[in-house]
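Visitor:
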Amino acid sequence: GQQLNQSPQSMFIQEGEDVSMNCTSSSIFNTWLWYKQDPGEGPVLLIALYKAGELTSNGRLTAQFGITRKDSFLNISASIPSDVGIYFCAGDQETSGSRLTFGEGTQLTVNP
Amino acid sequence: DAGVIQSPRHEVTEMGQEVTLRCKPISGHNSLFWYRQTMMRGLELLIYFNNNVPIDDSGMPEDRFSAKMPNASFSTLKIQPSEPRDSAVYFCASSYRETQYFGPGTRLLVL
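This is how it looks when you write it as structure tokens:
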């Protein structure tokens, strides 16, 4: 099946630093989603992107839908300890939400 | 609004036993998904339903796994007989259009 290459696999940063992670694919996606998963919980939707070139913010989080439709990035500004978790990108090649392809995740550690 | 509800949250069972996982999707959502998450394989889609009808079950590992959705507000994932390699976290998610919302998961341990 289609794969999303998510990088980096892990990040260790100091509180207050900005973070950037991205996902790329050889295939075109019509929707890009970013999720965060805390230990022992399910993935929680952070940002949804529906149009190529779209730039969307949610508080300290900003995500963009790549103009080629083959990539997306997520930025976190001024990181805080509660940002710790695993961040997943997910793409949908259709518009029905029938099948998401997930990246492998980025494990973020924030040192106080 | 209540999110996706899953039960039980944790299940410990012995090899060979039947396991049934339950999911209540968000009201108004017409698609329901069952995922399995492990360290080795990440998030894997097992099966999804659209309007209570199974659309794609190609991710179901083998015949020991079965899923049903008798109505719009309830779905089950059953493993019979269970094996140690089935140990994982099982997530249910629901959606109306493109965006899927996940439940808290069921952590399954098969001894």
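Residue numbers (our numbering), protein chains in the order written: chain A, 1 to 112; chain B, 1001 to 1111. Backbone N, C-alpha and C define an ideal beta-carbon position, used for all residues, glycine too. Just so you know, these numbers come straight off a predicted model, no measurement behind them.
#1: With 9 Å set as the bound, which would you pick, yes or no: does the beta-carbon of residue 1091 (chain B) sit closer than that to a beta-carbon of chain A?
#2: Along chain B, which residues have their Cβ under 8 Å away from the Cβ of residue 55 (chain A)?
#3: Does DSSP put residue 1031 (chain B) in a helix, a strand or coil?
#4: For a test of the three-state rule: what should DSSP assign to residue 1054 (chain B), helix, strand or coil?
#5: Between residue 21 (chain A) and residue 74 (chain A), is the Cβ-Cβ spacing less than 9 Å?
#6: Could you tell me how far apart the beta carbons of residue 76 (chain A) and residue 18 (chain A) are, in whole angstroms, since I believe they sit closer than 8 Å?
#7: Helix, strand or coil: how does DSSP classify residue 1 (chain A) here?
#8: Check whether the Cβ atoms of residue 149 (chain A) and residue 1042 (chain B) sit closer than 9 Å, and answer yes or no.
#9: Check whether the Cβ atoms of residue 1011 (chain B) and residue 1106 (chain B) lie closer than 9 Å to each other.
#10: Please list, in chain order, the chain B residues whose beta carbon lies closer than 7 Å to that of residue 42 (chain A).
Guide: In short:
#1: Counting from 1 along the second sequence, the entry for residue 1091 (chain B) is found at position 91. So yes, residue 1091 (chain B) belongs to the interface.
#2: If you number the first sequence from 1, residue 55 (chain A) lands on position 55. Result: empty, since nearest Cβ-Cβ is about 18 Å, beyond 8 Å.
#3: If you number the second sequence from 1, residue 1031 (chain B) lands on position 31. Correct three-state label for residue 1031 (chain B): strand.
#4: Position 54 of the second sequence, counted from the first residue, corresponds to residue 1054 (chain B). Correct three-state label for residue 1054 (chain B): strand.
#5: By 1-based counting over the first sequence, the position of residue 21 (chain A) is 21. By 1-based counting over the first sequence, the position of residue 74 (chain A) is 74. The answer is yes: Cβ separation under 9 Å.
#6: Reading the first sequence from its first residue, position 76 is the one you call residue 76 (chain A). Reading the first sequence from its first residue, position 18 is the one you call residue 18 (chain A). So it is a contact: roughly 7 Å between Cβ atoms.
#7: As a first step, residue 1 (chain A) is located in the first sequence; it is residue number 1 there, counting from the start. Only weak support is given to the placement of residue 1 (chain A): the predicted model assigns it a pLDDT of 49, under 50, and the value that follows is read from those uncertain coordinates. Coil.
#8: Since the first residue of chain A shown is 1 and the last is 112, residue 149 (chain A) is not available in this structure.
#9: The residue you call residue 1011 (chain B) lines up with position 11 of the second sequence. The residue you call residue 1106 (chain B) lines up with position 106 of the second sequence. Yes; because the gap between Cβ atoms is below 9 Å, this pair is in contact.
#10: Here residue 42 (chain A) is taken as the residue at index 42 of the first sequence, counted from 1. Contact note: residue 42 (chain A) reaches chain B through 1091, 1102, 1103, 1104, 1105, using a C-beta cutoff of 7 Å and chain order.
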